[in-house]
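Undergrad: Quick one: the structure is below, and I'll ask about it shortly.
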DNA sequence: CAGTGGTCTAGACCACAAG
DNA sequence: TTGTGGTCTAGACCACTGC
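Chains as they are written, first to last, in the numbering used here: chain A, 8 to 261; chain B, 8 to 261.
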């Protein structure tokens with residue numbers, strides 16, 4: 008409960024340990040303030056730097072929210088929304104405005120989408136995923152989705168420009184059922200999706216766009232849609248706030 | 008390229024921006040050293056604290072690896088292993104020592120597993136997932152898996168103790184096909200799995216067990232195995248180093 | 001041994017939040 | 001206005017790495 012100056016463990020780490028234990032034990036409830044810097048300085052006889060190092064450590068662990076001018080608080084467990092990937096079934100896709108809209112409807116939230124559409128040559132990675140040559144013209148639909156006014160995820164779709172030319176896929180509003188419905192109308196009947204899930208810390212632009220607080224990682228989901236010839240027809244790269252979402256996958260046992 | 012003391016942006020953030028851009032641009036290759044604190048101090052006329060704040064920021068973003076006594080280096084992109092969840096098919100399960108072994112075999116690595124087996128009363132969350140009453144005796148198989156001597160993931164299986172009593176599931180070595188094969192032999196034919204994927208920053212114990220460097224989030228996968236009556240028979244909670252793994256899911260388009 | 005990063009202190013001034 | 005956290009400085013001593 009008190010600091011040991013002789014310990015090989017740094018003072019600020021010991022201090023962080025004390026606070027972390029207290030938080031995990033529930034001494035400070037989610038949303039409640041933890042001791043201020045001044046209090047830590049007084050209680051544990053350390054310098055301000057040491058107190059701040061301890062706080063910063065907990066902030067980067069995602070345990071506390073530190074904000075200018077207000078006391079640091081225990082990070083509330085945000086209500087986690089579950090994104091069920093079964094929503095990719097054809098039936099689900101068709102009577103909704105795409106997977107995001109389906110998820111929004113399921114969670115009783117007001118969805119908004121900002122869309123930017125550009126055509127650019129494919130970089131090496133995108134080209135490889137889409138099965139086209141590097142430099143091939145690719146249509147990018149960059150979207151920022153919000154739920155109830157709060158940023159939820161970033162998503163960019165990539166399709167060969169040839170394939171989308173002159174179709175509603177080039178429009179802001181892709182119509183009922185979204186891109187996938189349009190693709191099937193074009194004769195690209197979809198056979199399966201592959202989603203690859205990874206995680207990393209967000210870049211500053213992503214922190215900004217998703218309004219993330221320190222210590223919040225993002226989920227990076229790369230979805231590839233394959234047609235009946237097992238040819239990739241669309242790539243969707245998603246960046247999802249790790250504190251707000253979890254992904255659920257259903258896997259048959261055979 | 009140079010710092011602006013009048014800017015509203017903190018000096019250390021400006022400095023971090025400069026370094027980050029240089030790294031992302033490729034000026035410093037992965038694994039290569041970035042400027043030392045002394046160099047930053049000399050080049051940009053800042054105090055050591057400011058230089059260190061900038062470095063720490065990049066460290067927490069996972070862009071650089073900072074180590075005592077050695078120069079900070081650009082974080083090398085670890086070879087990412089893909090964990091294909093199709094490996095959960097019955098055919099795959101049966102001729103391997105479980106999903107971890109299957110993945111290891113697929114990646115030509117030498118797998119090791121440390122296993123601890125305990126029986127404990129279920130906490131509220133586990134009870135709810137397993138569909139049993141809180142406090143019911145639950146068998147826990149805690150495993151730490153290593154590939155080529157390096158920690159790869161932590162996994163704990165939870166099964167109702169009644170169900171596992173007297174079976175090989177209570178042993179360290181669960182035999183060919185692992186737990187799932189034993190469950191099916193016991194009459195619990197598996198119908199499906201649900202995997203829920205989330206991410207967060209690791210706790211100190213996890214950092215230690217997985218040898219994670221700062222700025223590395225973990226993937227938290229909770230897998231539930233259901234039998235033919237759609238009753239959960241096993242829960243598997245996995246903690247996976249986010250810099251080493253990605254998960255691949257195959258989703259039929261229907 | 002020299003160079004690098006790790007920890008810690010004391011003190012200063014600023015910016016934001018809330019009463 | 002008061003208290004809180006944000007930024008920055010100068011300086012000191014320590015511990016690890018690698019020549």
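Built from N, CA and C at the ideal position, the CB exists for glycine as well. If you're wondering where the values come from, they're calculated on a predicted model, not measured in any experiment.
1) Against chain B, does residue 68(A) count as a neighbour if the rule is that its beta carbon must be under 7 Å from one of theirs?
2) What does residue 167(B) touch in chain A if you count any residue whose Cβ is under 8 Å from its own?
3) What residues are listed by DSSP as bridge partners for residue 147(A)?
4) Give a yes or no on whether 7 Å exceeds the smallest Cβ distance from residue 222(B) to chain A.
5) Out of curiosity, what's the CA-to-CA distance linking residue 199(A) and residue 257(A)?
6) Alpha carbon to alpha carbon, how far is residue 136(A) from residue 89(B)?
7) Which stretch, first to last residue, makes up the beta strand (DSSP E) that contains residue 198(B)?
8) Distance, Cα to Cα, residue 245(B) vs residue 51(B)?
9) Quick check on DSSP: helix, strand or coil for residue 211(B)?
10) Quick one: Cα of residue 55(B) to Cα of residue 208(A), how far?
11) Could you tell me if residue 3(B) is buried or exposed, where buried requires 16 or more neighbouring beta carbons within 10 angstroms of its beta carbon?
12) At a Cβ cut of 7 Å, what residues of the segment 27-42 of chain B count as close to chain A, listed as they run along the chain?
13) Is residue 18(B) near residue 53(B), with beta carbons less than 7 Å apart?
14) Can you give me the C-alpha to C-alpha distance between residue 259(A) and residue 96(B), rounded to a whole angstrom?
15) Where does residue 173(B) sit, in a helix, a strand or coil, going by DSSP?
16) Taking C-beta pairs closer than 9 Å, name the residues in chain A that residue 200(B) reaches, listed in chain order.
17) For chain A, check one thing: does any of its Cβ atoms lie closer than 7 Å to the Cβ of residue 96(B)?
18) Can you say whether residue 126(B) is buried or exposed, counting buried as having 16 or more other CB atoms within 10 angstroms of its CB?
19) Hey, is residue 205(A)'s beta-carbon within less than 7 Å of any beta-carbon in chain B?
20) Under the DSSP definition of a beta bridge, which residues are partnered with residue 89(B)?
21) Any contact between the segment 179-198 of chain A and the segment 211-224 of chain A? By contact I mean 3 or more CB pairs, one from each, below 8 Å.
22) Where DSSP assigns a beta bridge to residue 153(B), which residues make up the other side?
23) Taking buried to mean at least 16 other C-beta atoms within 10 Å of its own C-beta, is residue 167(A) buried or exposed?
24) Would you verify that the beta carbon of residue 249(A) is, or is not, closer than 7 Å to some beta carbon of chain B?
25) Bridge partners for residue 248(A) per DSSP, in chain order?
26) Cutting at 8 Å between CB atoms, please list the residues of its own chain near residue 84(A), excluding the five before and the five after it.
27) Measuring only the C-alpha atoms, how far is residue 64(B) from residue 68(A)?
28) Could you round the C-beta distance between residue 122(A) and residue 242(A) to whole angstroms and report it? I think they count as a contact, below 8 Å.
29) So, are the CB atoms of residue 62(A) and residue 79(A) less than 7 Å apart?
30) When DSSP labels each residue in this structure, what does residue 24(A) get in the three-state scheme?
31) With a 10 Å radius around its C-beta and 16 neighbouring C-beta atoms as the bar for buried, classify residue 156(B) as buried or exposed.
32) I want to verify the contact list: residues of chain B whose CB lies under 8 Å from the CB of residue 92(A), in sequence order.
33) Taking residue 216(A) and residue 158(A) to be in contact with their CB atoms under 8 Å, please state how far apart those CB atoms are, rounded to whole angstroms.
34) In the DSSP assignment, what are the bridge partners of residue 74(B)?
35) Taking DSSP as the reference, what is the three-state secondary structure of residue 233(A)?
36) Here's the rule: buried if 16 or more other CB atoms are within 10 angstroms of the residue's CB, otherwise exposed. What is residue 230(B)?
TA: Straight from the coordinates:
1) Residue mapping note: residue 68(A) aligns to position 61 of the first chain, counting from 1. For residue 68(A), the answer is yes, since a Cβ of chain B falls inside 7 Å of its Cβ.
2) If you number the second chain from 1, residue 167(B) lands on position 160. Here the premise fails: no neighbours, minimum Cβ distance about 19 Å.
3) Taking the first residue of the first chain as position 1, residue 147(A) is located at position 140. Bridge partners of residue 147(A): 125(A), 165(A).
4) Within the second chain, residue 222(B) is the residue found at index 215, counting from 1. Yes, because at least one Cβ of chain A sits closer than 7 Å to the Cβ of residue 222(B).
5) Here residue 199(A) corresponds to residue number 192 of the first chain, with the count starting at 1. Here residue 257(A) corresponds to residue number 250 of the first chain, with the count starting at 1. Approximately 14 Å, taken between the alpha carbons.
6) Here residue 136(A) refers to the residue found at position 129 when the first chain is read from its first residue. Here residue 89(B) refers to the residue found at position 82 when the second chain is read from its first residue. Cα to Cα, the separation comes out at about 15 Å.
7) If you number the second chain from 1, residue 198(B) lands on position 191. Looking at the DSSP string, the run of the beta strand (DSSP E) that includes residue 198(B) is 197-207.
8) Indexing the second chain from 1 puts residue 245(B) at position 238. Indexing the second chain from 1 puts residue 51(B) at position 44. Roughly 45 Å between the two C-alpha positions.
9) For this step, residue 211(B) is matched to residue 204 along the second chain. If DSSP states are grouped into helix, strand and coil, residue 211(B) belongs with the helices.
10) As a position in the second chain, residue 55(B) is number 48, starting the count at 1. As a position in the first chain, residue 208(A) is number 201, starting the count at 1. Whole-angstrom Cα-Cα distance: 25 Å.
11) There is simply no residue 3(B) to check, as chain B begins at 8 and stops at 261 in what is shown.
12) none
13) In the second chain, the residue the question calls residue 18(B) occupies position 11. In the second chain, the residue the question calls residue 53(B) occupies position 46. A contact, by the Cβ cut-off of 7 Å.
14) Taking the first chain and counting its residues from 1, one reaches residue 259(A) at position 252. Taking the second chain and counting its residues from 1, one reaches residue 96(B) at position 89. The straight-line gap from Cα to Cα measures roughly 7 Å.
15) Taking the first residue of the second chain as 1, we reach residue 173(B) at position 166. If DSSP states are grouped into helix, strand and coil, residue 173(B) belongs with coil.
16) Taking the second chain and counting its residues from 1, one reaches residue 200(B) at position 193. Per Cβ cutoff of 9 Å: 256, 257, 258, 259, 260.
17) Locating residue 96(B) in the second chain gives position 89, where the first residue counts as 1. With 7 Å as the cut-off, residue 96(B) counts as an interface residue toward chain A.
18) Sequence index remark: in the second chain, residue 126(B) carries index 119 (1-based). Exposed, by the Cβ-count rule.
19) Counting from one through the first chain, the residue named residue 205(A) turns up at place 198. Residue 205(A) counts as touching chain B.
20) For the purposes of this step, residue 89(B) is taken as the residue at position 82 of the second chain. The partner list for residue 89(B) (beta bridge, DSSP) reads 253(B).
21) no
22) Translated into positions along the second chain, residue 153(B) becomes position 146. Answer is 119(B), 158(B).
23) Translated into positions along the first chain, residue 167(A) becomes position 160. Buried.
24) Reading the first chain from its first residue, position 242 is the one you call residue 249(A). Residue 249(A) counts as touching chain B.
25) Along the first chain, read from residue 1 onward, the residue named residue 248(A) stands at position 241. Beta-bridge pairing links residue 248(A) to 225(A).
26) Your numbering for residue 84(A) matches position 77 in the first chain. Once the five neighbours on either side are set aside, the close Cβ partners of residue 84(A) are 37.
27) Here the question's residue 64(B) lines up with position 57 in the second chain. Here the question's residue 68(A) lines up with position 61 in the first chain. C-alpha separation (whole angstroms): 13 Å.
28) In the first chain, the residue the question calls residue 122(A) occupies position 115. In the first chain, the residue the question calls residue 242(A) occupies position 235. Actually they are not in contact, since the Cβ atoms of residue 122(A) and residue 242(A) sit about 17 Å apart, beyond 8 Å.
29) The count along the first chain starts at 1 and reaches residue 62(A) at position 55. The count along the first chain starts at 1 and reaches residue 79(A) at position 72. Yes, they are a contact pair.
30) Numbered from its first residue, the first chain carries residue 24(A) at position 17. In the structure shown, residue 24(A) sits in a helix (DSSP, three-state: H, G or I).
31) Taking the second chain and counting its residues from 1, one reaches residue 156(B) at position 149. Residue 156(B) comes out exposed.
32) Position 85 of the first chain holds residue 92(A). Under the 8 Å cutoff, chain B gives 256, 258.
33) Position 209 of the first chain, counted from the start, is the residue given in the question as residue 216(A). Position 151 of the first chain, counted from the start, is the residue given in the question as residue 158(A). Rounded, the Cβ-Cβ distance is 6 Å, consistent with contact.
34) By 1-based counting over the second chain, the position of residue 74(B) is 67. DSSP lists 77(B) as partners of residue 74(B).
35) Along the first chain, one-based indexing puts residue 233(A) at 226. Here residue 233(A) sits in strand by DSSP.
36) Along the second chain, read from residue 1 onward, the residue named residue 230(B) stands at position 223. So residue 230(B) counts as buried.
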